[in-house]
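Quick note: the sequence shown, position 107, residue 107 per UniProt numbering, numbers continuous.
Cβ coordinates follow ideal geometry from the N, Cα and C atoms, glycine included.
A quick note: this is a predicted structure, and the numbers were derived from the prediction, not measured.
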Amino acid sequence: MMVEINDQKVWNEWLLSQRMQTGIFLQSWEWGEFQKTVGHKVHRYLNQDKDTIARLRNREIAQVIELPLPLGKKYWFIPRGEALPGLVGEAQKHGVWFIRFEPITSDGLRVKSYVKTRDISPPQTLIIDLGKSEEELLAQMHEKTRYNVRLAIRKGVEVRFSAKGGSASGGEEFWKLMQETAKRDKFSTHPREYYEKMLEVLSNYPSPQSSPTRGEEEKDNPSPLGRGEKTNTPLKVRGDGGVMHVRLHMAYQGITPVAGAIVGYFGDTATYLHGASSYEHRAAMGPYALHFQIMKEAKKEGYKFYDFWGVNTTYYKLHTTNSWAGMTRFKTGFGGQVVDYPGTFDLPLNKFWYTVYRLGRRMLP
Numbered sequence: 001m002m003v004e005i006n007d008q009k010v011w012n013e014w015l016l017s018q019r020m021q022t023g024i025f026l027q028s029w030e031w032g033e034f035q036k037t038v039g040h041k042v043h044r045y046l047n048q049d050k051d052t053i054a055r056l057r058n059r060e061i062a063q064v065i066e067l068p069l070p071l072g073k074k075y076w077f078i079p080r081g082e083a084l085p086g087l088v089g090e091a092q093k094h095g096v097w098f099i100r101f102e103p104i105t106s107d108g109l110r111v112k113s114y115v116k117t118r119d120i121s122p123p124q125t126l127i128i129d130l131g132k133s134e135e136e137l138l139a140q141m142h143e144k145t146r147y148n149v150r151l152a153i154r155k156g157v158e159v160r161f162s163a164k165g166g167s168a169s170g171g172e173e174f175w176k177l178m179q180e181t182a183k184r185d186k187f188s189t190h191p192r193e194y195y196e197k198m199l200e201v202l203s204n205y206p207s208p209q210s211s212p213t214r215g216e217e218e219k220d221n222p223s224p225l226g227r228g229e230k231t232n233t234p235l236k237v238r239g240d241g242g243v244m245h246v247r248l249h250m251a252y253q254g255i256t257p258v259a260g261a262i263v264g265y266f267g268d269t270a271t272y273l274h275g276a277s278s279y280e281h282r283a284a285m286g287p288y289a290l291h292f293q294i295m296k297e298a299k300k301e302g303y304k305f306y307d308f309w310g311v312n313t314t315y316y317k318l319h320t321t322n323s324w325a326g327m328t329r330f331k332t333g334f335g336g337q338v339v340d341y342p343g344t345f346d347l348p349l350n351k352f353w354y355t356v357y358r359l360g361r362r363m364l365p
């Protein structure tokens, strides 16, 4: 029997007990709450039976994001999670056409009749083990990457870190760099409001023990991307990894911003979510110093892994000019371990309408 869970602390503790490093933040309570702020419904399910503990060990929980389709219809999306067999009945109650899911391993492909579809999240990622010393982290890098890290430091590149639970200093500069990078590398960004909301919500998410109080309980912070509006946000964030949060980190050469990164923190892993850099100041090698300093800071705070969140070694090995190739070349230069995902799959619940949906997608430009 599937039951919905409404307790933040319990949900995250169950999730973290699975001891998976990669992508798990997408199933965190806080990520679900962020999805609500951008207009999506969220459901959190536990497969409850007589052997609950065994079920939890087998990843029998799933956070589901409800997304719209044409004609007022909808589908369910489970990012970096499994389409549990028990979810089918719940989805049908909600009038869902299909369930889209991204299992972390092939063990998550237990349901029958699934269909491979276009990947939503990256097909591979790169994990850096932060248990190594600073010297070991440098030694595992490609020679050119190690040189560029040291060159950036010699050129005076400094990295400024946002405090946990603080407002996102440098947000306006990051957005300008993001627009420049997207134009240069020919990729689409989220709307500015998406990054604003992410930083607003996830920079300040309260732990279960620190519910906000008004007056002393509220605090005015500037808008994360610098528009000047005021937002009321909780004061405290637990710093032990039990609450997912994000921070914006910026690299400067003097007063000039040369690179920036939004990083998510959850459990024992820091994950690189979004990044941008200046082409005009590319000689400063800002991104190299930025990521190395983020790793050092995360290591100091007790995080065990740095997830570069997205590589594609297929394009890299083919030596293509695809944007994935350049991105993969940069990230793999830091060493680490490439992790493969099975991909993204659909579980059709209404085969007729799912077929109509697929045909409609093919007709789009």
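- Under DSSP, K41 shares a beta bridge with E66.
- One alpha carbon belongs to E134, the other to K112, and they sit about 46 Å apart.
- I153: member of the alpha helix (DSSP H) spanning 143–154, first to last residue.
- Annotation for M244: no beta strand (DSSP E) segment contains it, and DSSP assigns it neither H nor E.
- Looking at the backbone, the Cα of R118 and that of Q140 are separated by about 33 Å.
- Nearest in C-alpha terms to E200, of all of W76, R329, G360, H245, is H245.
- Looking from the CA of F101, the closest CA among G302, Y75, E33 belongs to Y75.
- When secondary structure is reduced to three states using DSSP, W175 falls in the helix class.
- Within the segment 255–335, the runs of beta strand (DSSP E) at least 3 residues long that lie entirely inside it are, in chain order, 256–266, 269–277, 305–307.
- Secondary structure note for R361: its alpha helix (DSSP H) is the uninterrupted segment 351–363.
- Here the C-alpha atom of G264 lies approximately 11 Å from the C-alpha atom of F308.
- With respect to the C-alpha of G39, the residue from V96, M198, D129 having the closest C-alpha is M198.
- The alpha carbon of G333 has as its nearest neighbour, out of M1, H142, T256, L87, the alpha carbon of H142.
- Annotated three-state conformation of E33 is helix, per DSSP.
- Nearest neighbour of E66 by Cα position, chosen from T22, I255, R44, G86, turns out to be R44.
- Here T189 carries a coil assignment [DSSP, helix/strand/coil].
- When the five nearest sequence neighbours on each side are left out, no beta carbon in the same chain lies closer than 6 Å to the beta carbon of R358.
- Burial check for R362: the Cβ neighbour count within 10 Å stays below 16, so the residue is exposed.
- Taking all protein chains in view, the Cβ of R80 is crowded by 16 or more other Cβ atoms within 10 Å, so the residue is classified as buried.
- With respect to the 8 Å criterion, T328 and T344 are not classified as neighbours on the basis of their beta carbons.
- Within the model, the alpha-carbon separation for E158 versus K36 is close to 35 Å.
- Approximately 5 Å separates the beta-carbon atoms of K331 and L126; this is inside 8 Å, confirming the contact.
- Closest by C-alpha distance to T269, out of L364, E180, S162, K296, is K296.
- The beta carbon of M250 is closer than 6 Å to those of R160, G170, P257, G260 in its chain, skipping five residues each way along the sequence.
- It is roughly 25 Å from the alpha-carbon of Q179 to the alpha-carbon of V149.
- In the DSSP assignment, V111 falls outside any beta strand (DSSP E) and carries neither an H nor an E.
- Under DSSP, K183 takes part in no beta bridge, so it has no partner.
- In the DSSP assignment, the residues bridged to N47 are M2.
- A residue is called buried once 16 or more other Cβ atoms fall within 10 Å of its Cβ, and R146 is buried on that count.
- Taken atom to atom, the span from the alpha-carbon of G72 to that of F98 is near 14 Å.
- DSSP lists F77, D346 as the bridge partner or partners of R100.
- A Cβ-Cβ distance of about 5 Å is found for the pair S162 and L248, placing them in contact under the 8 Å criterion.
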